[in-house]
Amino acid sequence: MRRDPLAFLGIELDSLKQQGLFRQLRILNGEQGHKSTFDGRSVVNLSSNNYLGLTTHPRLREAALESVRTLGAGSGSVRTIAGTMDIHMELERRLAAFKKTEAVVVFQSGFAANAGTVAAVLTKDDVVVSDQLNHASIIDGARLSRATIKVFPHKDVDAARKVLKELPASQRKLLITDGVFSMDGDLGALPDLCALAEEFECIMMVDDAHASGVFGKNGRGTIDHFGMHGRVDIQVGTLSKAIGALGGYVAGSQSLIEFLYHRARPFLFSTSHPPAVVAACIAAIDVLEQEPELIDRLWDNTRFFKAGLKELGFNTGLSESPITPVIAGDGALAMKLSDRLFDEGVFAQGIAFPTVARDAARVRTIVTATHTREELQFALDVFARVGRELGIR
Ligand SMILES: Cc1ncc(COP(=O)(O)O)c(C=O)c1O
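Numbering (the numbering used here), first residue to last: 42 to 434.
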């Protein structure tokens, strides 16, 4: 009989199980909401990126349904062949106006937007100077580009400056940061990095996935929040988190966008969004513009919950956003914390190495605009009880 050539995968999985790091996927039974049923259990949901509750907003639902009726279920092609529909162009125009840039191109996901853009813009002769905690899609894009990758310690602008100083002036450089860091919830050092990019003539790029719909006027992101309009050459946003549907986009100059039409491989070689996704995203921009009270509610809930966790004595790191980690340290302990919270009716996913450093495993909480105060207080009470039981506070 043939030996299983994938047997080594089983060995790796056994090792994860021995370390208490093996995870079964949690299955959502029904809608993504502030209170949802996962694996048959009703829980306060602190694990989604559905910041504004738009996954189930009536205007998004209706727009998606209507577009299926009039335009069908799929686009049938990649964008560069026959898969660019009117509605794709309308979404890009709306996003460009929203982001105050000349143009926008939409990708199938935020991951594709980051990886596709970095890989398209840079060549092996270039350098990418990247924050240590930037998202995996930036790292993968940098690897695909074959550019030299220089990583600076998290938010250490002086270290970034040192790296840039040592590079030849003539070399093309991309300086890149997340706007909001997805595991810690802190903000990128945008104003200082923009100044550095100007001093060293770098291309400045910001991945605003977790800031889209959350920071800035009407959710325009950290570039708006910090008043950096015109100083960031490549802005990435996602349509998959606060926007409530799916996709990613790049906002920038007309020539950047036209270049990406020709060179970004996920744009060239993967089918475009179905009309329902696009229509939902357009409806989400309407909601951001017309219902800013959702963002106010998100921030009210964020302040309440963050203060509650701190008061209980948990290590919540340096978060400045609705993402608040509760850092347990050891990976197995973080997973145990997550499991016990779940048993008690609170879903906060455990996150361990390699997503975060080995000694900084955590559960990550994200509140949304739609959580009620009672739900958040309930979650805090459960955190207090389980934290005490596991000796985490
Ligand atoms: C910082 C950051 N950038 C990009 C992405 C990718 O976005 P998407 O889920 O739309 O692919 C994520 C999502 O995990 C993220 O956290």
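For every residue, glycine included, the Cβ atom is placed at its ideal position computed from N, Cα and C.
At least one heavy atom of ligand 1 lies less than 6 Å from the C-beta of T279. Residue pairing by DSSP places L215 opposite V169, I244 in a beta bridge. In this structure, A144 keeps its C-beta atom at 7 Å or more from the C-beta atom of V159. Setting aside the 5 residues that flank it on each side, K347 is surrounded in the same chain by T365, each with a C-beta closer than 6 Å to its C-beta; the list follows chain order. Counting every other CB atom within 10 Å of its CB across the protein chains shown gives K191 a total of 16 or more, marking it as buried.
DSSP, read as helix, strand or coil, puts F79 in strand. When the beta-carbon positions are compared, V291 and V277 come within less than 7 Å of each other. When the five nearest sequence neighbours on each side are left out, the beta carbons in the same chain lying within less than 8 Å of the beta carbon of I323 are those of A104, I128, E131, L132, R135, in order along the chain.
Three or more Cβ pairs closer than 8 Å define a contact, and the segment 389-396 falls short of that threshold against the segment 314-322.
Going by DSSP, V367 is part of the beta strand (DSSP E) stretching over 364-370. Using a C-beta cut-off of 8 Å, the segment 292-300 makes no contact with the segment 103-121, since fewer than three inter-stretch Cβ pairs fall below that distance. Annotated three-state conformation of L297 is helix, per DSSP.
In the structure shown, the three-state DSSP call for Q73 is coil. In this structure the segment 85-98 lies against the segment 407-427, because at least three pairs of beta carbons, one per stretch, are closer than 8 Å. DSSP, read as helix, strand or coil, puts N90 in coil. Leaving aside the five residues that flank A425 on each side, the residues in its chain whose CB is nearer than 6 Å to its CB run, in chain order, L353. The beta-carbon distance between A201 and L228, rounded to whole angstroms, is 16 Å. This is too long to meet the 8 Å contact definition. The segment 258-273 and the segment 208-225 touch, with no fewer than 3 CB-CB distances between them shorter than 8 Å.
Per the DSSP secondary-structure output, A153 pairs with nothing in a beta bridge.
Looking at the DSSP output, A317 shares a beta bridge with no other residue. Using a cutoff of 6 Å, the CB of H266 does not count as near ligand 1, since none of the ligand's heavy atoms is closer than that.
Counting only residues of its own chain and dropping the five nearest sequence neighbours on each side, D248 has a CB closer than 8 Å to the CB of G151, N155, N175, H176, S178, I179, I217, T218, D219, G220, V277. In this model, T357 and Q59 are separated by some 28 Å (Cα to Cα). Within 10 angstroms of the beta-carbon of E239 lie fewer than 16 other beta-carbons, which makes it exposed. Exclusion of F310 from the 6 Å shell around ligand 1 follows from its C-beta lying no nearer than that to any non-hydrogen atom of the ligand.
K214 places its beta carbon less than 7 Å from that of V168.
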